Amino acid sequence: MVAYWRQAGLNYLQFSRIASNTLRKCLKPEYQTETIMKPSSGLKLTKWVQGKPTGEVKQIKF
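Be aware that the sequence shown starts at 1, since it is given in the UniProt record's numbering, and climbs by one per residue.
Structure, rendered in structure tokens:
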């Protein structure tokens with residue numbers, strides 16, 4: 001059985017972005033402003049050497 005978002009020609013990231021945007025638009029106005037002001041997503045990269053973190057952390061927000 002194939003997921004309906006795959007049948008529509010989307011990958012999971014595209015589907016989850018559409019779903020989260022739709023959910024934000026359905027919220028009551030007082031909650032919409034809170035969710036819009038938060039960053040939608042981000043990425044945190046940590047460099048590892050010999051199985052231990054080096055302390056170098058790079059954050060990417062998009």
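Note that beta-carbon positions come from the ideal geometry of N, C-alpha and C, so glycine has one too. Predicted, not measured: the structure shown is a model, and the values here were computed from it.
Asked, Found
"Please state the DSSP three-state secondary structure of Q59.", "strand"
"With distances taken Cα to Cα, identify the nearest neighbour of L49 among G42, V57, I18.", "Inspection of the sequence shows that residue 49 is occupied by Val rather than by Leu. Looking at the Cα atoms, V57 is the closest of the given residues."
"Which of helix, strand or coil does DSSP assign to K28?", "coil"
"Check this for me: beta carbons of Q59 and K44, under 8 angstroms apart or not?", "yes"
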